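For reference, the structure discussed in these notes is given below.
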Amino acid sequence: MAYTKPIPDPEQYINKPFWDGCKDGKLMLPRCLTCNRVHFYPRVICPHCHSDQLEWVECSGEGYLHTFAVQHRAFGGWAEEVPFVTAFIDLKEGDRMLTVLRGVDATKPETIKIGAKVKIEFEAASDEVSIPFWRVV
Amino acid sequence: MPNNPSMAAAIVGAAESNKIGYIEEGTTATKLHIEAIINVCKQTGISPSEIEGVFSAGFSAQIAEHLGIHPRYIDTTAIGGCSFVMHVHHALAAINAGIIDVAVVSHGESGFSARKNRGNGTNRATGDDRWSVANQFEVPYGIAGAPSNYAHAMTRHMHQYGTTKADFAQIAVVTRDWATLNPRAVMHSKETHPAGGKITVQDVLDSRLIAWPLNLLDICLVTDHGGAVLVASAEKARSLRTRPVWVAGAGENTSHSSMLEMGDFTATSAAASANTAYKMAGMGPGEMELAMIYDSFTITAAITAEMLGLAPRGEGHTLWQDGKAGPGGSGIPINTNGGGLSFSHSGMYGMMLLVEAYRQLSGTAEDGVHGIAGKQTSAKTAIVNGTGGSLSNTGTLVLVADD
């Protein structure tokens, strides 16, 4: 079935290893060689210590639910999915990502637990682009 | 601070466009800008040709051209609804440096008419960068518009402090009470809007869910609005027929641009911008007699009240409890125009904060109608804070009345 929701157009100058990783089913993020911290979204400089000595590392794909919202109004392909849960995920390695959270009941927000363990999964939106999503485990 | 600019400049006039709110016949951003500037010039007796600096959210050269003036100070800071509060900060700095004596801060936004006009007449930059942080990492997840973002902060506040949807709903109720005293407020009464007039906490909780935990009545309006204030040097301010409202303190700050980088979802840079403003003014939150706080959402107002030092962390909403922040309430009056929630909010609300703060402190807040007492308070000091972006950027002013 065709993917009807927005498909990112991968920026190739800074983000290429991230998007290539998604295609391979891996969460690749930049890690600072000076302070050892991982960050997202990818930068040309470490936002923590401002070193420009960075390397790409494969992350665990594990994290915790930091906060969420239930979207009852959306546009384009997402309009057909309402209500759905959007969430910010605290990565095990540090820093945070946004996702549409899977494995929860959007009609019962009181049952969704902040701090819940989540795991990454990748959906092939097209032949070229896979998008990371997170699921409560 | 080598040279404290406190009181070097005053807001000497404040006006709106001829019409505001849901303008049935339609309008454009340019028309709203220029009407407001003409009105504030008439109010103060300052001719457009006397304006030396033009400050607006991205459109200053076009405004100057439309007015037929050649200003020698141009500022186009456009980082959301807080921009106008920052423009006053920047105008204060330029005046204090002796570069200019008279500045206009101008706002015009056809948030309501844009739909009727098929997206034209907004002065907004068009085109969408597919490689932006938002389009790479937010839009793919159905994030669209401010409510979809801000709701995450409200959930986290509820988790961290045990606040409830009803706590936040109370802010909308009290803000609506102020709107019933402002005949220009969209939600003033059933005569101005079918859903206007007083509301209850239950009304807020029963209104349509937009992005849980935000219901429709937790969310600001989308209107047409133009506004302008003139900022002048102390000497110029004292020569005018209008009453000056002095800029005692000003500050600004940014903590992030994308919500991905918002470290603590229950805190904003308003703490930092307010700290700067209080320090410049030599005053503190306990001395503030009026608060004009950006209420894009009830959660924005609650968090900001905490950041401004008006309430402890997690307790911002208590300022509104039992109508304390409302007309005749026992606490500090907040958002006496009816707020972005019930007065007018065109997309960027900062100018409305400035106009109402000027009116309150110059004793020219509009009288009520229908036999209801006016919204004029006895406040002689005000804290004004604007928030822009995704709880990202903040500007704060400490304003004091002329004695």
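Going down the list, the protein sequences come from chains A and B.
For the first sequence, counting from 1, position 109 maps to 245 in the working numbering; every step adds exactly one.
For the second sequence, counting from 1, position 286 maps to 308 in the working numbering; every step adds exactly one.
Ideal Cβ placement from N, Cα and C applies to all residues, glycine included.
Computed from a predicted model, the values in this text were never measured in an experiment.
- Query: Shortest alpha-carbon distance to B:Ser69 belongs to which of B:Met284, B:Arg178, B:Ile193, B:Val124?
  - Reply: Start at 1 with the first residue of the second sequence, and residue 69 of chain B comes out as number 47. Among B:Met284, B:Arg178, B:Ile193, B:Val124, the Cα nearest to that of B:Ser69 belongs to B:Val124.
- Message: Give me the DSSP bridge partner(s) of B:Ser291.
- Response: Here the question's residue 291 of chain B lines up with position 269 in the second sequence. DSSP output for B:Ser291 lists no bridge partner at all.
- Message: Going by DSSP in three states, B:His129 sits in which element: helix, strand or coil?
- Response: Within the second sequence, numbered from 1, the residue matching residue 129 of chain B stands at position 107. Note: B:His129 maps to strand in three-state DSSP.
- First and last residue of the uninterrupted beta strand (DSSP E) at B:Ala36: Taking the second sequence and counting its residues from 1, the one referred to as residue 36 of chain B is at position 14. 31-38 is the extent of the beta strand (DSSP E) around B:Ala36.
- Query: A:Lys253 to B:Ser414, Cα distance in whole Å?
  - Reply: Your numbering for residue 253 of chain A matches position 117 in the first sequence. Your numbering for residue 414 of chain B matches position 392 in the second sequence. Whole-angstrom Cα-Cα distance: 28 Å.
- Three-state secondary structure (DSSP) at B:Ile315? Taking the first residue of the second sequence as position 1, residue 315 of chain B is located at position 293. Three-state result, B:Ile315: strand.
- Using 8 Å as the limit for Cβ to Cβ distance, is B:Ile232 near chain A? As a position in the second sequence, residue 232 of chain B is number 210, starting the count at 1. Chain A contact via Cβ: present.
- Query: In terms of residues, what are the limits of the alpha helix (DSSP H) holding B:Met329?
  - Reply: As a first step, residue 329 of chain B must be located in the second sequence, where it is residue number 307. Its alpha helix (DSSP H) spans residues 320-329.
- Can you tell me whether DSSP reads B:Met23 as helix, strand or coil? Taking the second sequence and counting its residues from 1, the one referred to as residue 23 of chain B is at position 1. Residue confidence is low: B:Met23 scores 49 on pLDDT, short of 50, so the model does not pin down where it sits. No coordinate-derived value is stated.
- Can you tell which of B:Ala327, B:Ile315, B:Trp268, B:Glu274 has the C-alpha that lies nearest to the C-alpha of B:Thr288? Here the question's residue 288 of chain B lines up with position 266 in the second sequence. Selected option, being the one with the closest Cα: B:Ala327.
- Task: Kindly give me the distance between the Cβ atoms of B:Gly372 and B:Gly345, rounded to whole angstroms, as I take these residues to be in contact under 8 Å.
- Result: As a first step, residue 372 of chain B must be located in the second sequence, where it is residue number 350. As a first step, residue 345 of chain B must be located in the second sequence, where it is residue number 323. Not confirmed; about 26 Å, so no contact.
- Query: List, in order along the chain, the chain A residues whose C-beta lies closer than 7 Å to that of B:Gly369?
  - Reply: Your numbering for residue 369 of chain B matches position 347 in the second sequence. Correct list: empty, because the minimum Cβ distance to chain A is about 17 Å.
- Task: Please confirm whether B:Ser295 and B:Asn275 have their CB atoms less than 8 Å apart.
- Result: Counted from its first residue, the second sequence places residue 295 of chain B at position 273. Counted from its first residue, the second sequence places residue 275 of chain B at position 253. Yes. Within cutoff.
- Under 7 Å by beta carbon: chain B residues contacting A:Pro134: Residue numbering for chain A in the displayed model covers 137 to 273; residue 134 of chain A lies beyond these limits and cannot be assessed.
- Cβ-based neighbour list, B:Gly164, same chain, cut-off 8 Å, excluding 5 preceding and 5 following: Locating residue 164 of chain B in the second sequence gives position 142, counting from the first residue. Closer than 8 Å at Cβ, skipping near neighbours: Ser170.
- For B:Ala86 and B:Gly143, believed in contact at Cβ under 8 Å, the rounded distance: Here residue 143 of chain B corresponds to residue number 121 of the second sequence, with the count starting at 1. Here residue 86 of chain B corresponds to residue number 64 of the second sequence, with the count starting at 1. About 19 Å separates the two Cβ atoms, so there is no contact after all.
- Going by beta carbon distance, what residues of the same chain come within less than 7 Å of A:Val180, once the five residues before and after it are set aside? Locating residue 180 of chain A in the first sequence gives position 44, counting from the first residue. Taken in chain order, the residues that qualify are Ile150, Asp188.
- Item | C-alpha gap between A:Gln207 and B:Gly271, whole angstroms | For this step, residue 207 of chain A is matched to residue 71 along the first sequence. For this step, residue 271 of chain B is matched to residue 249 along the second sequence. So the alpha carbons of these two residues sit roughly 39 Å apart.
- Message: So that I know if they touch, is there some Cβ in chain A lying closer than 8 Å to that of B:Trp153?
- Response: To locate residue 153 of chain B, count along the second sequence from 1; it is residue 131. Output row for B:Trp153: interface = yes.
- Query: Cα separation between A:Gly239 and A:Lys228?
  - Reply: Stepping through the first sequence from its first residue, residue 239 of chain A is reached at position 103. Stepping through the first sequence from its first residue, residue 228 of chain A is reached at position 92. The straight-line gap from Cα to Cα measures roughly 19 Å.
- Query: Residues in the stretch 168-193 of chain B with C-beta within 7 Å of chain A's C-beta atoms, listed in sequence order?
  - Reply: Ser170, Ala173, His174, Thr177, Arg178, His181
- State yes or no: is the C-beta of B:Glu38 within less than 8 Å of the C-beta of B:Ala58? Residue numbering aside, residue 38 of chain B sits at position 16 when the second sequence is read from its first letter. Residue numbering aside, residue 58 of chain B sits at position 36 when the second sequence is read from its first letter. Closer than 8 Å, so yes.
- Near-chain B residues of the stretch 193-214 of chain A - C-beta to any C-beta below 9 Å: His202, Thr203, Phe204, Ala205, Val206, Gln207, His208, Arg209, Ala210, Phe211, Gly212, Gly213, Trp214
- For B:Ile354 versus B:Met310, is the C-beta spacing smaller than 8 Å? As a working mapping, residue 354 of chain B is identified with position 332 in the second sequence. As a working mapping, residue 310 of chain B is identified with position 288 in the second sequence. Closer than 8 Å, so yes.
- Task: Please report the residue range of the beta strand (DSSP E) in which A:Met233 lies.
- Result: Counting from 1 along the first sequence, the entry for residue 233 of chain A is found at position 97. Segment 232-238, the beta strand (DSSP E) holding A:Met233.
- Message: Closer than 8 Å is the cut-off here; do at least three beta carbon pairs connect the stretch 337-351 of chain B with the stretch 192-208 of chain B?
- Response: yes
- Nearest residue (CA-CA) to A:Pro178, options A:Ala205, A:Glu217, A:Leu190, A:Tyr200: Residue numbering aside, residue 178 of chain A sits at position 42 when the first sequence is read from its first letter. Closest option to A:Pro178, Cα to Cα, is A:Leu190.
- chain B beta carbons: is any one of them nearer than 8 Å to that of A:Leu153? Translated into the one-based positions of the first sequence, residue 153 of chain A becomes position 17. The sequence shown places Pro at residue 153 of chain A, rather than the Leu named in the question. No, because no Cβ of chain B sits closer than 8 Å to the Cβ of A:Pro153.
- Item | CA nearest to the CA of A:Met218, picked from A:Cys182, A:Lys255, A:Glu259, A:Ala242 | Start at 1 with the first residue of the first sequence, and residue 218 of chain A comes out as number 82. Rather than Met, the amino acid found at residue 218 of chain A in this sequence is Val. Here the closest residue by C-alpha is A:Ala242.
- Task: Output, in chain order, the set of chain B residues within a Cβ distance shorter than 8 Å of A:Tyr177.
- Result: Position 41 of the first sequence, counted from the first residue, corresponds to residue 177 of chain A. Per Cβ cutoff of 8 Å: Val155, Gln158, Phe159, Ser280, Leu282.
- Along chain A, in chain order, which residues have C-beta atoms closer than 9 Å to that of B:Ala166? Here the question's residue 166 of chain B lines up with position 144 in the second sequence. Here the neighbours are Gln207, Arg209, Ala210, Phe211, Gly212, Trp214.
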